[in-house]
Every structure is written in structure tokens, then in C-alpha cells.
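Chemist:
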Amino acid sequence: MADHLQARLSFVATARAALASPPRAAAAAEELPLPKKLQDWLSRLQLLKGVPFAYLVPDERMLPPESIRFFTLDFGWTETLADGALSIGRTLGRQAQVSRQAIEAAATAHATPLGLAGTPNLRARALGVPAVDPPESVITGFLLRSKLVSNTPGMGVNVYPKGNTPADHDRDPSVKIVLLDILRYETLGDQSDVLICLVKGDAFRVDIHQPPEQLHYGLDAFSQSSSSVNACKNIHTFTVQDGEVTLSPEFVTKNVSDDFRGNHLRVANMTALAGCIAKVNGRAQIDAAEMGFEMTQGVGSVSFIKDYGS
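With the numbering used here applied, the sequence shown covers 41 to 350.
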């Protein structure tokens, strides 16, 4: 019995001495697979899920009502967050346990990058789409506090890097429009008026828009009195030849006030309106697709552009 106990103590001492070496502890950690649930949990931490709001916005004056704040995620802060989460049960005694410190350091160094690599999987699984590549350089984002968040569920966002925005494409059609991948986009609680967005990469332009289902037919100018309306529509000109549609960059502003029904001032006469559009394009008539192209207007949106300063 004594020999058996001595052998166990000798084994524990040998293992402790081996794991006290950081390289050996790191090698041992690399050989152990990280459980999927733990990786997902660490990935959520990397995206600030479950982090108390008071840690994100320590003072309400930093995010007053009807405001937006942009930020860059500090990987040092999130690594410290993960280190704290992985330190449950850490000894606080006076005597440092070298072996335990080496094991903890190796475990953190092994698990934290895997948690960061798993961040794109969370949103992809929720939406049922393929996951994008993990972030390699920077994660940026914003916090929006507004009544629009709670009153307009389904708002969307498009985020572009510098040099690849729609405005850059308009100036030079050879420039490709690039959308940054969204890692997290959600409200912070039910009926909350605060929304958080995290994207993979350095955000330069952020377009926040109404829900896409609010696409609608519309006019470019409209006013109404008790007995008449005054309406104008910017009509794009186009030509169709052998099934190919060529769109002119110019448009014609046309007064369409006469294309409303007299007994219902806010009800358009669609036949007359279609005839007006066809006449501007030098055609006898247009089909439903062409009518939809001319009349459909996008949803309202607002753009925020990063100012790098001079």
C-alpha cells in the first residue's frame, strides 16, 4: 500500500513538473479538442453577448437618446474577458502554483483564438446561411439608441469599407462595391431601443435603412389642395432592342397631375400614368415590369461616413 501511494505521489509530482513548463503545457492543450459548446460560448463572448450593458456603456451620457456611437473592438479587452471567464476556480492563495499558471495560460492561448474563429458561425447558423471566414484584423461596429429601433423592427444595415462604397462606384464604374460581413446585428433585449452591430473589417460607410418589404410605388413630388393635386415623377428613359434594355443615365421630370382620378384626389389613374411613362420613352405602351421599374422607390435610409480628418 505504501509503495502504491508513493508511486502515485511520484507520478503527480512528475506530471506537475512537466506541466509547469509552458511549452509542454501548450503542447498538451493543443492535443485536446475544444468542446463545441465551449467554443460557441467563447465566440459569444467575443461578440460581447452576455456582457452587461453597463460594461458596454458605463455612463448613459455616452449613449443619449437618439444617438449612434461607432467603435473598434479591442481584442485585448475581449481576450481579457475570455481569460476571466476561463479562470473560474483559480487559486487566490499567497503561494503561486506554477503548474496551474502554466496550464491556465496554455488553455487561454489555445481556446481564445478558437472562440474568435467561431464568431461567424453564430449568425450563419441562426440565418441558415454559409459561414464567412473568421475575422483576421479588426472588428468594428456601432450602438444605436433610438425609438426607430423599437418602433421599426426589421431595419437593415449595409456596411462598406473605404474605397468600395456605392459613391466610389458612381464616380468610377470599375470600382467594385464591397459589403462587410455582419457578425452580430440585434437589439439588446425585447422592446429595447438600443441596437448593436458588429462587422468583420473596418467600417467606413454605414447605411441604415427601413425594412426591404417597404418598397413601394411613389412620386418624387406631391402636394394636394381641396380640389386638385400637383404631382411630379422623375421618369428614366430606356430603349429595348432584341430583348436588351439600355437605360439612360438621364431622367425626365414629368408633371403627372392629370393622371389622378378627379373624384379621389389621392388615387392615381394607373392606365393614364402608364401611358405618360410610355410617351416619354417614345412608345405606345409599356408592360408591367417596365411600369414597376419606373414607379418603384426604395426605402428610406440614412448614411454615416467615417471622417478620418485632414
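Idealized CB from N, CA, C, for every residue including glycine.
#1: Once the 5 residues before and after residue 196 are set aside, which same chain residues still bring their CB inside 7 Å of it?
#2: Answer yes or no: the CB of residue 332 versus the heavy atoms of the ligand FMN, is any distance below 8 Å?
#3: Comparing C-alpha positions only, which one of 181, 296, 234, 293 sits nearest to residue 242?
#4: Could you pull the start and end residues of the alpha helix (DSSP H) that residue 320 belongs to?
#5: On the criterion of 16 or more Cβ atoms from any shown chain inside 10 Å, does residue 265 qualify as buried, or is it exposed?
#6: Which residues in the same chain as residue 291 place their Cβ atom closer than 8 Å to its Cβ, once the five residues preceding and following it in sequence are excluded?
#7: State the Cα-Cα distance for the pair residue 313 and residue 296, rounded to the nearest angstrom.
#8: Counting C-beta neighbours from all protein chains within 10 Å, is the total for residue 334 16 or more, i.e. buried, or is it exposed?
#9: For the candidate residues 101, 247, 164, 257, whose alpha-carbon lies nearest to that of residue 200?
#10: Whose C-beta lies closer than 6 Å to the C-beta of residue 321 among residues of the same chain, with five residues either side of it excluded?
#11: Reducing DSSP to helix, strand and coil, say where residue 87 ends up.
#12: Measuring CB to CB, does residue 97 end up less than 9 Å from residue 103?
#13: For the beta strand (DSSP E) holding residue 271, just list the boundary residues, first then last.
#14: Between residue 288 and the rest of its own chain, which residues show a CB-CB distance below 6 Å, the 5 nearest in sequence each way excluded?
#15: If we ignore side chains and look at the alpha-carbon of each, how far apart do residue 159 and residue 99 end up?
#16: In whole angstroms, what separates the C-alpha of residue 175 from that of residue 111?
#17: Taking its Cβ as the centre, do 16 or more other Cβ atoms sit within 10 Å of residue 326, making it buried, or is it exposed?
#18: For residue 121, which residues from the same chain have a beta carbon less than 6 Å from its beta carbon, with the 5 sequence-adjacent residues on both sides left out?
#19: Just the C-alpha distance for residue 188 and residue 223, rounded to the nearest angstrom, thanks.
#20: Which word fits residue 217, buried or exposed, when buried means at least 16 other C-beta atoms lie within 10 angstroms of its C-beta?
Modeler: So, from the listed chains and residues:
#1: Mapped onto the sequence shown, residue 196 falls at position 156. Excluding residues within five positions, the ones whose Cβ falls inside 7 Å are 249, 251, 252.
#2: The ligand content of the structure shown is nil, which means the ligand FMN is not present either.
#3: Position 202 of the sequence shown holds residue 242. That would be 181, whose Cα lies nearest to the Cα of residue 242.
#4: Mapped onto the sequence shown, residue 320 falls at position 280. Unbroken alpha helix (DSSP H) run through residue 320: 310-320.
#5: Taking the first residue of the sequence shown as position 1, residue 265 is located at position 225. Per the 10 Å Cβ criterion, exposed.
#6: Taking the first residue of the sequence shown as position 1, residue 291 is located at position 251. For residue 291, where only same-chain residues beyond five positions count, the Cβ hits under 8 Å are 274, 275, 276, 277.
#7: For this step, residue 313 is matched to residue 273 along the sequence shown. For this step, residue 296 is matched to residue 256 along the sequence shown. If I take the Cα positions, the gap works out to 7 Å.
#8: As a first step, residue 334 is located in the sequence shown; it is residue number 294 there, counting from the start. Residue 334 is buried by the Cβ-count criterion.
#9: What you label residue 200 is simply residue 160 of the sequence shown in a count that begins at 1. Among 101, 247, 164, 257, the Cα nearest to that of residue 200 belongs to 247.
#10: For the purposes of this step, residue 321 is identified with residue 281 of the sequence shown, where counting begins at 1. Once the five neighbours on either side are set aside, the close Cβ partners of residue 321 are 277.
#11: Position 47 of the sequence shown, counted from the first residue, corresponds to residue 87. The three-state secondary structure of residue 87, taken from DSSP, is coil.
#12: Position 57 of the sequence shown, counting from 1, holds the residue named residue 97. Position 63 of the sequence shown, counting from 1, holds the residue named residue 103. Contact flag set, yes.
#13: As a first step, residue 271 is located in the sequence shown; it is residue number 231 there, counting from the start. Taken as a continuous stretch (DSSP letters only), the beta strand (DSSP E) holding residue 271 covers 269-281.
#14: Translated into positions along the sequence shown, residue 288 becomes position 248. Close CB contacts of residue 288 within its chain, under the 6 Å cut and outside five residues either way in sequence, are with 277 (chain order).
#15: Start at 1 with the first residue of the sequence shown, and residue 159 comes out as number 119. Start at 1 with the first residue of the sequence shown, and residue 99 comes out as number 59. Each residue's Cα considered, the two are about 28 Å apart.
#16: Working through the sequence shown from its first residue, we reach residue 175 at position 135. Working through the sequence shown from its first residue, we reach residue 111 at position 71. Straight through space, the alpha carbons of residue 111 and residue 175 are spaced by roughly 16 Å.
#17: Against the sequence shown, residue 326 aligns to sequence position 286. Residue 326 is buried by the Cβ-count criterion.
#18: Position 81 of the sequence shown, counting from 1, holds the residue named residue 121. If you ignore the 5 residues before and after residue 121, its C-beta comes within less than 6 Å of the C-beta of 85, all in its own chain and listed in chain order.
#19: Residue 188 sits at position 148 when you count from the first residue of the sequence shown. Residue 223 sits at position 183 when you count from the first residue of the sequence shown. Distance between the alpha carbons of residue 188 and residue 223 is about 22 Å.
#20: Here residue 217 refers to the residue found at position 177 of the sequence shown. The residue is exposed, with fewer than 16 neighbouring Cβ atoms inside 10 Å.
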